[in-house]
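In what follows, a structure is listed as structure tokens, so that the remarks can point back to it.
Residue numbers (the UniProt record's numbering): 1 to 108.
Put into structure tokens, the structure is as follows:
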């Protein structure tokens, strides 16, 4: 259900941006770091939205990679701890084993 909510919100947001961009088609003056130029406002709006989405996605991917690395590291640590616990339990059970074979014990 959570994924469907995100899809619906993304579609609504996209429609609002598209309507806003289509309404604003007149050319505007754009000041760059190295000069100025004319561009339709629709392109400026769509380019800004696209760059915002790309930056957001990049930050999300970086966060995802970090979390995957952390999960991998924690799984390795968990496996090491489990291996140590199993070896400790097997050592403890070896100490409690009787020295005589089981066949020599009488049934009660």
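Glycine included, every Cβ here is placed at the ideal spot set by N, Cα and C.
Straight-line CA distance for residue 23 to residue 72? 49 angstroms
Going by the CB atoms, is the gap between residue 10 and residue 46 shorter than 8 angstroms? no
For residue 39, collect the residues of the same chain with a Cβ closer than 6 angstroms to its Cβ; drop the 5 residues on either side in sequence, then sort them by chain order. 30
Let me know the beta strand (DSSP E) ranges lying completely inside the stretch 23-98, each 3 residues or longer, listed in chain order. 27-31, 36-40
Please report the distance separating the alpha-carbon of residue 59 from that of residue 48. 17 angstroms
Could you check whether residue 25 and residue 50 sit closer than 8 angstroms to each other, using their CB atoms as the reference points? no
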